[in-house]
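Per this note's numbering, the sequence shown starts with residue -19, numbered consecutively.
For reference, the structure discussed in these notes is given below.
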Amino acid sequence: MPESADRWGAARLGGDGFVLRRWRRDDLDALLRHADDAQVSRAVSDRFPHPYTRGDGIRFLSGEVVDLSQPVFAIEIDGEACGGIGARPGSGERAHSAEFGYWLGRAHWGRGTMTRVVAAFAPWVMCELALYRLFATVLDCNPASARVLQKNGFVEEGVQHCAVRKRGRLHDLRVFAKVRRDPDASP
Ligand SMILES: CC(C)(COP(=O)(O)OP(=O)(O)OC[C@H]1O[C@@H](n2cnc3c(N)ncnc32)[C@H](O)[C@@H]1OP(=O)(O)O)[C@@H](O)C(=O)NCCC(=O)NCCS
-19 MPESADRWGA ARLGGDGFVL RRWRRDDLDA LLRHADDAQV SRAVSDRFPH
31 PYTRGDGIRF LSGEVVDLSQ PVFAIEIDGE ACGGIGARPG SGERAHSAEF
81 GYWLGRAHWG RGTMTRVVAA FAPWVMCELA LYRLFATVLD CNPASARVLQ
131 KNGFVEEGVQ HCAVRKRGRL HDLRVFAKVR RDPDASP
């Protein structure tokens, strides 16, 4: 593998009660335990299916579902991968901007974990990728995720109406972003 393809292979971001690090093939069982949950997948992309099968997990860990050469990390709690967070930068004239997304196994919800994970990840990835803009989109039925972003200083920019059809229902998509116009400013 060329060095550039695994630029973040050794990255390890520590936080209060979690570690962010590269996904590993031996995360498969833990991934299935936490990802195979309709409550987890209900407000994320269809690339995160339900049921979440062993084949889905294998394809994800092989890099066939999302580009794992990007900063895409497992959230490890008590030695187990139980969620994920990752950013996908744009290309060409949008290379200064990246979208990011995240999920956490239901067993760990409601303890401020994702708020702390985003607090660690967002400034790190903005510096690493020299981003001016980091954004996330949130379905209208996901106030917990919107809250995580708000608590981290992301600004709600607007709503894309009827942007997503998920499980037979149309949803609006809320757009949250953090920007810095000066590349030397801390994100
Ligand atoms: C969204 C998700 C990441 C939140 O993770 P978490 O670790 O439970 O989040 P936190 O505990 O850090 O913060 C959640 C906040 O939302 C609030 N919240 C939770 N449910 C809520 C609801 N129904 N309405 C309004 N606020 C809600 C919590 O009270 C908390 O805010 P507070 O600290 O001000 O009280 C987690 O539920 C998850 O992974 N969901 C499935 C995947 C997903 O939706 N990913 C995001 C896609 S955009």
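Note that beta-carbon positions come from the ideal geometry of N, C-alpha and C, so glycine has one too.
Residue i lies in the beta strand (DSSP E); which residues open and close that run?
i      : result
Val69  : The sequence as given places Pro at residue 69; Val does not occur at that position. Here the beta strand (DSSP E) through Pro69 covers 60 to 69.
Phe53  : 52 to 57
Ile24  : The sequence as given places Val at residue 24; Ile does not occur at that position. Taken as a continuous stretch (DSSP letters only), Val24 belongs to no beta strand (DSSP E), as it is neither H nor E.
Leu111 : Here Leu111 belongs to no beta strand (DSSP E), and DSSP marks it neither H nor E.
Just to confirm the assignment, what range does the alpha helix (DSSP H) spanning residue i have?
i      : result
Asp152 : Premise fails: Asp152 lies in the beta strand (DSSP E), 149 to 159, not in any alpha helix (DSSP H).
Leu12  : 8 to 15
Gly72  : Looking at the DSSP string, Gly72 is not in any alpha helix (DSSP H), and its letter there is neither H nor E.
Arg34  : 34 to 41
Pro123 : 123 to 131
Which residue or residues does DSSP assign as beta-bridge partners of residue i?
i       : result
Leu84   : Gly63
Ser77   : Arg113
Gln140  : Leu153
Lys146  : Arg149
Phe(-2) : Gly(-5)
Leu48   : DSSP lists no partner for Leu48.
Val118  : Arg154
Val98   : Answer is none; Val98 lacks a bridge partner.
Val135  : Ala157
Exposed or buried, which one is residue i when buried takes at least 16 other CB atoms within 10 Å?
i        : result
Thr117   : buried
Pro(-18) : Its pLDDT being 48, under 50, Pro(-18) is placed unreliably by the model, and nothing is read from it.
Val97    : buried
His141   : exposed
Gly63    : buried
Ala23    : buried
Asp162   : exposed
Ser21    : buried
Ala165   : exposed
Ala61    : buried
Thr33    : exposed
Glu56    : buried
Val128   : buried
Gly72    : exposed
Gly35    : exposed
Ala178   : Not covered by the structure: residue 178. The range shown for the chain is -19 to 167.
Would the C-beta of residue i count as close to ligand 3, meaning under 7 Å from any of its heavy atoms?
i      : result
Lys146 : Questions concerning ligand 3 fall outside what the structure shown contains, since the ligands it does hold are ligand 1.
Any 3 or more C-beta pairs closer than 8 Å across the segment 99 to 113 and the segment -9 to 2: yes
Can we say the segment 139 to 153 touches the segment 41 to 58, given the rule of at least three CB pairs closer than 8 Å? A contact between stretches requires three or more CB pairs, one per stretch, nearer than 8 Å, and the segment 139 to 153 fails this requirement with the segment 41 to 58.
Decide yes or no for the touch test of the segment 119 to 129 against the segment 62 to 79: beta carbon pairs closer than 8 Å, at least 3 of them. Touching, no, given that fewer than three Cβ pairs across the two stretches are closer than 8 Å.
Three-pair Cβ contact test at 8 Å for the segment 72 to 80 versus the segment 36 to 46: no
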